[in-house]
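Its first residue numbered 1, the sequence shown is counted upward by one per residue in my numbering. C-beta atoms are modelled at their ideal positions from N, C-alpha and C, and glycine is treated no differently. Take a look at the structure set out below.
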Amino acid sequence: MAKVLILDRVHPLFLERLPQMGFQVEEDYELEAESISWSEYQGVVLRSRMPIDRAVLAQCSSMRFIARVGAGLENIDLPFAQEMGIEVLAAPEGNRNAVGEQALGMLLALFNRLLIADGEVRKGLWLREENRGLELGGKTVGILGYGNMGSAFAKKLSGMSCRVIAYDKYKSGFSSPQVEECSLEYLQQEADIISLHLPQSEETHYLLDSAFIGACAKNFFLINTARGNIVQTQALIEALESGKIRGACLDVLEFEKSSFENLFQEGQNEQLEYLLQSNKVILSPHIAGWTQESKVRMAEVLIAKIEKLML
Numbered sequence: 001m002a003k004v005l006i007l008d009r010v011h012p013l014f015l016e017r018l019p020q021m022g023f024q025v026e027e028d029y030e031l032e033a034e035s036i037s038w039s040e041y042q043g044v045v046l047r048s049r050m051p052i053d054r055a056v057l058a059q060c061s062s063m064r065f066i067a068r069v070g071a072g073l074e075n076i077d078l079p080f081a082q083e084m085g086i087e088v089l090a091a092p093e094g095n096r097n098a099v100g101e102q103a104l105g106m107l108l109a110l111f112n113r114l115l116i117a118d119g120e121v122r123k124g125l126w127l128r129e130e131n132r133g134l135e136l137g138g139k140t141v142g143i144l145g146y147g148n149m150g151s152a153f154a155k156k157l158s159g160m161s162c163r164v165i166a167y168d169k170y171k172s173g174f175s176s177p178q179v180e181e182c183s184l185e186y187l188q189q190e191a192d193i194i195s196l197h198l199p200q201s202e203e204t205h206y207l208l209d210s211a212f213i214g215a216c217a218k219n220f221f222l223i224n225t226a227r228g229n230i231v232q233t234q235a236l237i238e239a240l241e242s243g244k245i246r247g248a249c250l251d252v253l254e255f256e257k258s259s260f261e262n263l264f265q266e267g268q269n270e271q272l273e274y275l276l277q278s279n280k281v282i283l284s285p286h287i288a289g290w291t292q293e294s295k296v297r298m299a300e301v302l303i304a305k306i307e308k309l310m311l
């Protein structure tokens with residue numbers, strides 16, 4: 001019987017449905033990569049607990065698929081997996097709605113100073129004029145990356161009376177009543193808000209650096225629900241201090257571990273400390289896309305893909 005190894009705690013649907021497809025399912029949430037007998041398995045299900053690199057893949061002589069419960073695939077050596085004939089499956093369709101909702105929620109909280117005002121009221125302060133906010137209506141939102149996540153965010157913005165423009169290096173012809181396709185240069189000239197929806201890669205590493213920020217015509221707000229190292233933190237801090245970036249919504253940080261489970265420099269990094277102390281920044285612990293509903297949907301999406309693959 002074909003065997004599937006589950007390496008992260010995932011939705012119980014996997015434990016229910018994989019055996020129905022004829023798989024023997026094993027779970028292990030503690031073993032390190034070097035202690036796993038990879039050649040025994042025809043499939044593996046994981047989030048991001050460990051990298052599936054060339055050294056691991058070279059041992060996967062019987063592997064048919066790797067199912068990543070999430071969207072990003074930067075922890076998997078995709079070219080070598082393809083060379084090995086291993087199908088790599090992800091589930092961006094399952095959490096795109098949740099990412100779009102969180103991006104919008106963080107932006108509205110920042111615009112309306114909700115975290116600041118909440119903290120002040122709890123201290124007995126009733127500062128109305130000081131907490132006069134901004135409206136999203138009439139602003140131009142620039143979306144970088146128009147895949148599952150970027151298009152979901154655009155959909156959420158469609159009823160907010162704002163203008164939405166988007167640039168995607170690898171996609172074209174996606175203009176619609178809710179979004180205007182544009183060049184990167186045009187986005188940098190027009191955007192009041194820039195939202196990142198890009199994968200992590202060598203190409204996108206530190207894409208938003210001082211040069212990128214300097215090329216933007218307007219002082220703008222930044223949203224990053226993608227990957228932390230797309231933004232060069234020092235450049236972000238300098239732009240926050242100068243006012244070039246008026247505020248930032250950061251669900252991801254470049255100081256995260258590759259497993260995304262925690263920070264690896266908490267309390268020891270001046271850049272991180274700046275972000276923690278700034279009232280221009282809203283932070284969350286990599287939870288865009290991390291909802292009760294998306295947990296179910298991602299499982300359903302991946303199970304359907306596994307089933308189709310095995311037919």
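How far does the beta strand (DSSP E) with residue i in it reach, from first residue to last?
| i | result |
| --- | --- |
| residue 212 | Run containing residue 212: none in the beta strand (DSSP E); it sits in the alpha helix (DSSP H), 210-214. |
| residue 163 | 163-167 |
| residue 97 | No beta strand (DSSP E) holds residue 97; the alpha helix (DSSP H) holding it covers 92-111. |
| residue 220 | 220-224 |
| residue 333 | In the structure as shown, the chain starts at 1 and stops at 311, and residue 333 therefore has no counterpart that could be examined. |
| residue 150 | Segment 148-157 is the alpha helix (DSSP H) holding residue 150; no beta strand (DSSP E) there. |
| residue 144 | 140-144 |
| residue 202 | No beta strand (DSSP E) contains residue 202, which DSSP labels as neither H nor E. |
| residue 87 | 87-89 |
| residue 287 | Looking at the DSSP string, residue 287 is not in any beta strand (DSSP E), and its letter there is neither H nor E. |
| residue 44 | 43-46 |
| residue 3 | 3-6 |
At a Cβ threshold of 8 Å, is residue i touching chain C?
| i | result |
| --- | --- |
| residue 15 | Although the question refers to chain C, the structure presented lacks it and comprises just one protein chain. |
Give me the Cβ distance between residue i and residue j, rounded to the nearest whole Å; I'm assuming they're in contact under 8 Å.
| i | j | result |
| --- | --- | --- |
| residue 184 | residue 167 | 5 Å |
| residue 249 | residue 106 | 4 Å |
| residue 41 | residue 99 | That belief does not hold up - the Cβ atoms of residue 41 and residue 99 are roughly 30 Å apart, past 8 Å. |
| residue 321 | residue 81 | There is no way to answer for residue 321, as the model of the chain reaches only from 1 to 311. |
| residue 235 | residue 213 | 6 Å |
| residue 7 | residue 28 | 6 Å |
Residue i: buried (16+ other C-beta within 10 angstroms of its C-beta) or exposed?
| i | result |
| --- | --- |
| residue 104 | buried |
| residue 219 | exposed |
| residue 342 | In the structure as shown, the chain starts at 1 and stops at 311, and residue 342 therefore has no counterpart that could be examined. |
| residue 227 | buried |
| residue 179 | buried |
| residue 118 | exposed |
| residue 257 | exposed |
| residue 142 | buried |
| residue 121 | exposed |
| residue 299 | buried |
| residue 136 | buried |
| residue 38 | buried |
| residue 9 | exposed |
| residue 239 | buried |
| residue 208 | buried |
| residue 144 | buried |
| residue 85 | exposed |
| residue 15 | exposed |
| residue 289 | buried |
| residue 58 | exposed |
How would you write the range of the alpha helix (DSSP H) that residue i sits in, first residue to last?
| i | result |
| --- | --- |
| residue 54 | 54-57 |
| residue 303 | 292-310 |
| residue 184 | 184-190 |
| residue 275 | 270-277 |
| residue 24 | Segment 24-27 is the beta strand (DSSP E) holding residue 24; no alpha helix (DSSP H) there. |
| residue 72 | No alpha helix (DSSP H) holds residue 72; DSSP gives it neither H nor E. |
| residue 121 | 114-122 |
| residue 248 | No alpha helix (DSSP H) contains residue 248, which is instead part of the beta strand (DSSP E) from 245-250. |
| residue 240 | 233-242 |
| residue 283 | First-last for residue 283: 281-283, but that is the beta strand (DSSP E), not the alpha helix (DSSP H). |
| residue 16 | 13-20 |
| residue 83 | 78-83 |
Could you name the residues of the same chain whose beta carbon sits closer than 6 Å to that of residue i, not counting the 5 residues immediately before and after it, in chain order?
| i | result |
| --- | --- |
| residue 229 | 205 and 254 |
| residue 163 | 140 |
| residue 87 | 65 and 309 |
| residue 297 | 94 |
Apart from the five residues just before and just after residue i, which ones in its own chain have a Cβ nearer than 7 Å to its Cβ?
| i | result |
| --- | --- |
| residue 295 | 11 |
| residue 19 | 25 |
| residue 101 | 156 |
| residue 269 | 255 |
| residue 271 | 233, 234 and 237 |
| residue 51 | 75 and 258 |
| residue 286 | 251, 252, 256 and 260 |
| residue 56 | 33 and 38 |
| residue 188 | 215, 216 and 217 |
Measuring only from the beta carbon, is residue i closer than 7 Å to any heavy atom that is part of the ligand MN?
| i | result |
| --- | --- |
| residue 95 | Questions concerning the ligand MN fall outside what the structure shown contains, since it holds no ligand whatsoever. |
Taking 8 Å as the limit between beta carbons, can you name the residues of its chain near residue i, skipping five residues before and five after?
| i | result |
| --- | --- |
| residue 62 | 39, 40, 41 and 42 |
| residue 186 | 165 and 167 |
| residue 263 | 253, 255, 256, 257 and 272 |
The segment 221-228 contacting the segment 195-213, beta-carbon criterion three pairs below 8 Å | yes
Hey, is the segment 299-306 in contact with the segment 70-77, meaning 3+ C-beta pairs nearer than 8 Å?
-> no
Three or more C-beta pairs below 8 Å linking the segment 156-163 and the segment 110-119 = no
State whether the segment 144-155 contacts the segment 77-97, with contact taken as three or more CB pairs (one from each stretch) at a distance under 8 Å.
-> yes
Say whether the segment 237-245 touches the segment 273-287, bearing in mind that this needs 3 or more beta-carbon pairs closer than 8 Å, one atom from each stretch.
-> yes
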